[in-house]
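Enquirer:
Protein chains in written order, with this note's numbering: chain A, 1368 to 1608; chain B, 61 to 352.
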């Protein structure tokens, strides 16, 4: 069963692991199989639902008001987030659990492959809203980006905490409940889901920027594989029998 | 740790004091072992900690305490873990696949994840391992169209790709029919030539036929480590035949001949019979573990 075609296991690696050139080659080789393995169906479902919600702004006979368009776009972002909650679902997770290519690179590649789709989706969602009814696009784009990254962070946390190879459904349920409950239950002093035109609009969007930054940090922290178990192993469920 | 029989003089894998808990359940309790070249069988009842040990040694999950090395690499650092993974092939208990991938595409994908970036060399290697597991004819078939046994062979091919020096196989023959199991035994025996294979199994026949060493685990601890012959020898003088199940026997069952085979401490004048590996294994466990 011999016939080595890869670097020998005991061949010394560069000090920082794979060189930049080798990582580039890896990424190029991985693009196609990773793209093929992405959960396109839930992503497409979430995206389509989001576009339908955005298109709902055109159903108002007397033209849509910006505050109503804002609600539509927030709901559309949540729908797209539900699809993103499936992004790290990987039926081959256990089979590829101990490969040398790091999880951060694999998960990052998934995000990178979906990012252009997400940008195109958001562009389409905005165009579906009548121009006269569009809320401030920069601020709403920030909200949508934060929602999307929160969904990705939830997906990364699910992968980190559970052994389940495809935790997307449970993650999407958590994202949905959180997305619906947060605007209703969040204390009034927490400025996040503010109405258009109120004084606290700018303050709210500074808060959204913090949410986005926090979600990115959570995603990275959950995606990096720990060499040691944190806090005596509370963070992981036991393997299935 | 129990350590009987000869231990490998130059271990490929060496572990000391491995501990791991899931909540209040101690899955691994001070496990130490040394593995050399060849196939080592890992036996134990359900919940013994076999899968957890394999997952720790395969770097799928870090241990709470203890240390181990694989082919001289220490997975306690990011760099060391990377080096271990480059030398590792792992077939998990429940291998998963991208069902729309062909067998070739899936093994090729795993080969890329094992850092084989040269396309033509990689494809040669993928063809080699698919040929080795007898899947050359169906390499273009989607995995969802393959039988359970074939899928298991795809998983074995994925573990073998890149010619790893340490192969970890978690119950690879579960769910296979006898013919497929024989085929798998051949594959594992071949894989054990010149590399270290750790094979977790419930099948004592697998161990008897394949393994040059055996480890018995129960309750997260190593109960026995030695050769299959040494494990069988543990039951010498402690297996007897009778017309009824002996109440003092640790285990007893009616055989095809109608006589009862009893394992435990025999009464005076018992009709002793030749022990098997399974008898030795049963005697290594506590009565409650045998019942389980």
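Note that beta-carbon positions come from the ideal geometry of N, C-alpha and C, so glycine has one too.
These figures come from a predicted structure and were not determined experimentally.
1. Note down, in chain order, every chain A residue with its Cβ under 7 Å from the Cβ of residue 136/B.
2. Out of 1588/A, 1508/A, 1497/A and 1580/A, state which residue places its alpha-carbon closest to the alpha-carbon of residue 1522/A.
3. CA-CA distance, residue 213/B and residue 244/B?
4. According to the neighbour-count rule (16 or more other Cβ atoms, all chains shown, within 10 Å of its Cβ), is residue 255/B buried or exposed?
5. Any beta carbon from chain B within less than 8 Å of residue 1331/A's own beta carbon?
6. Going residue by residue through the region 191–269 of chain B, where are the continuous alpha helix (DSSP H) segments of at least 4 residues, counting only ones entirely within it?
7. With DSSP collapsed to three states, give me the class of residue 78/B.
8. Could you give the first and the last residue of the continuous beta strand (DSSP E) run that contains residue 102/B?
9. Is the CB-CB distance between residue 1418/A and residue 1524/A below 8 Å?
10. Give the residues of chain B in contact with residue 1409/A, contact being defined as C-beta atoms less than 8 Å apart.
11. Just the chain A side, please: which residues come within less than 9 Å of residue 170/B by C-beta, in chain order?
12. From which residue to which residue does the alpha helix (DSSP H) around residue 278/B run?
13. Given a cut-off of 8 Å, decide if residue 298/B and residue 326/B are closer than it, judged by their beta-carbon atoms.
14. Residues of chain B with a CB under 9 Å from the CB of residue 1403/A: which are they?
15. Please classify residue 330/B: does DSSP put it in a helix, a strand, or coil?
16. Which residues in chain B sit within 9 Å of residue 1610/A, going by Cβ to Cβ distance?
17. Measure the C-alpha to C-alpha separation of residue 1441/A and residue 1511/A and round it to an integer number of angstroms.
18. I'd like to check one pair, residue 116/B with residue 123/B: are the Cβ atoms closer than 8 Å?
19. Does the beta-carbon distance from residue 1574/A to residue 1495/A come in below 8 Å?
20. May I ask you to verify whether the region 146–163 of chain B touches the region 1457–1465 of chain A, counting CB pairs closer than 8 Å and requiring at least 3?
21. Could you name the residues of chain B that residue 1433/A contacts, counting a contact when the two beta carbons are closer than 8 Å?
22. If you drop the 5 nearest sequence neighbours on each side, which residues of the same chain put their C-beta closer than 8 Å to that of residue 1476/A?
23. Tell me the residue span of the beta strand (DSSP E) that contains residue 1596/A.
24. Between residue 1436/A and the rest of its own chain, which residues show a CB-CB distance below 7 Å, the 5 nearest in sequence each way excluded?
25. Measure from the alpha carbon of residue 1581/A to the alpha carbon of each residue in 1567/A, 1450/A and 1516/A, then state which is nearest.
26. Would residue 1430/A and residue 1542/A be called neighbours here (beta carbons separated by less than 8 Å)?
27. Is residue 89/B close to chain A, meaning its C-beta is less than 8 Å from at least one C-beta of that chain?
28. Can you list the residues of chain B that residue 1389/A reaches, using a CB-CB cut of under 8 Å?
29. Please return the same chain residues whose Cβ sits closer than 7 Å to the Cβ of residue 309/B, not counting the five positions on each side in sequence.
30. On the three-state DSSP scale, how would you describe residue 1376/A?
31. Residue ranges of each alpha helix (DSSP H) run of no fewer than 4 residues wholly in the region 1379–1466 of chain A, ordered along the chain?
32. Is there at least one Cβ from chain B nearer than 8 Å to residue 1581/A's Cβ?
33. Please list, in chain order, the chain A residues whose beta carbon lies closer than 9 Å to that of residue 191/B.
34. Which word fits residue 1548/A, buried or exposed, when buried means at least 16 other C-beta atoms lie within 10 angstroms of its C-beta?
35. Measure from the alpha carbon of residue 229/B to the alpha carbon of each residue in 218/B, 238/B and 222/B, then state which is nearest.
36. Counting pairs of Cβ atoms below 8 Å between the region 160–169 of chain B and the region 183–195 of chain B, do you hit three or more?
Expert: Taking the structure as given:
1. In chain order: 1594.
2. Taking only the C-alpha atoms, the option nearest residue 1522/A is 1588/A.
3. Roughly 8 Å separates the two Cα atoms.
4. Flag for residue 255/B reads buried.
5. Summary: the structure shown does not reach residue 1331/A, with chain A confined to residues 1368 through 1608, and so no result is reported for it.
6. Listed in chain order, they are 208–220 and 238–251.
7. Residue 78/B falls in the strand class under three-state DSSP.
8. For residue 102/B, the enclosing beta strand (DSSP E) starts and ends at 98–103.
9. The Cβ atoms of residue 1418/A and residue 1524/A lie no closer than 8 Å to each other.
10. Annotation: residue 1409/A has no Cβ neighbours in chain B at a cutoff of 8 Å; minimum Cβ distance is about 15 Å.
11. Going along chain A in sequence order, the residues near residue 170/B (Cβ under 9 Å) are 1459, 1462, 1463 and 1466.
12. No alpha helix (DSSP H) contains residue 278/B, which is instead part of the beta strand (DSSP E) from 273–278.
13. Less than 8 Å separates the beta-carbon of residue 326/B from that of residue 298/B.
14. The answer, in chain order, is 158, 160, 161, 165 and 169.
15. Of the three classes helix, strand and coil, the one that applies to residue 330/B here is coil, per DSSP.
16. Nothing in the structure corresponds to residue 1610/A, since chain A is present only between 1368 and 1608.
17. Distance between the alpha carbons of residue 1441/A and residue 1511/A: 7 Å.
18. Yes, Cβ-Cβ distance for residue 123/B and residue 116/B is below 8 Å.
19. Their beta carbons are not under 8 Å apart, which means residue 1574/A does not touch residue 1495/A by this criterion.
20. Yes: the two stretches touch, three or more of their Cβ pairs being nearer than 8 Å.
21. By Cβ distance, chain B contributes nothing, its closest Cβ being about 44 Å from residue 1433/A, past 8 Å.
22. Around residue 1476/A: 1394, 1397, 1398 and 1401.
23. Where residue 1596/A is concerned, there is no enclosing beta strand (DSSP E), given that its DSSP letter is neither H nor E.
24. Cβ neighbours of residue 1436/A beyond the five flanking positions: 1424, 1496, 1500, 1501 and 1502.
25. Among 1567/A, 1450/A and 1516/A, the Cα nearest to that of residue 1581/A belongs to 1516/A.
26. Residue 1430/A places its beta carbon 8 Å or farther from that of residue 1542/A.
27. Taking Cβ atoms only, chain A never reaches closer than 8 Å to residue 89/B, which makes this a no.
28. Within chain B, the residues near residue 1389/A are 175 and 177.
29. 322, 323 and 324.
30. Note that residue 1376/A has pLDDT 41, beneath the 50 cutoff, so the model's placement of it is unreliable and the number below is only indicative. Of the three classes helix, strand and coil, the one that applies to residue 1376/A here is coil, per DSSP.
31. Scanning the region 1379–1466 of chain A from its first residue to its last, the whole alpha helix (DSSP H) runs of 4-plus residues come out as 1387–1404, 1407–1422 and 1433–1451.
32. Residue 1581/A does not count as touching chain B.
33. Taking the beta carbon of residue 191/B as reference, no residue of chain A falls within 9 Å; the closest one sits roughly 10 Å away.
34. Only exposed fits residue 1548/A, as fewer than 16 other CB atoms lie within 10 angstroms of its CB.
35. Closest in C-alpha terms to residue 229/B, from the list 218/B, 238/B and 222/B, comes 218/B.
36. Segment contact: the region 160–169 of chain B against the region 183–195 of chain B, three or more CB-CB distances shorter than 8 Å; contact assigned.
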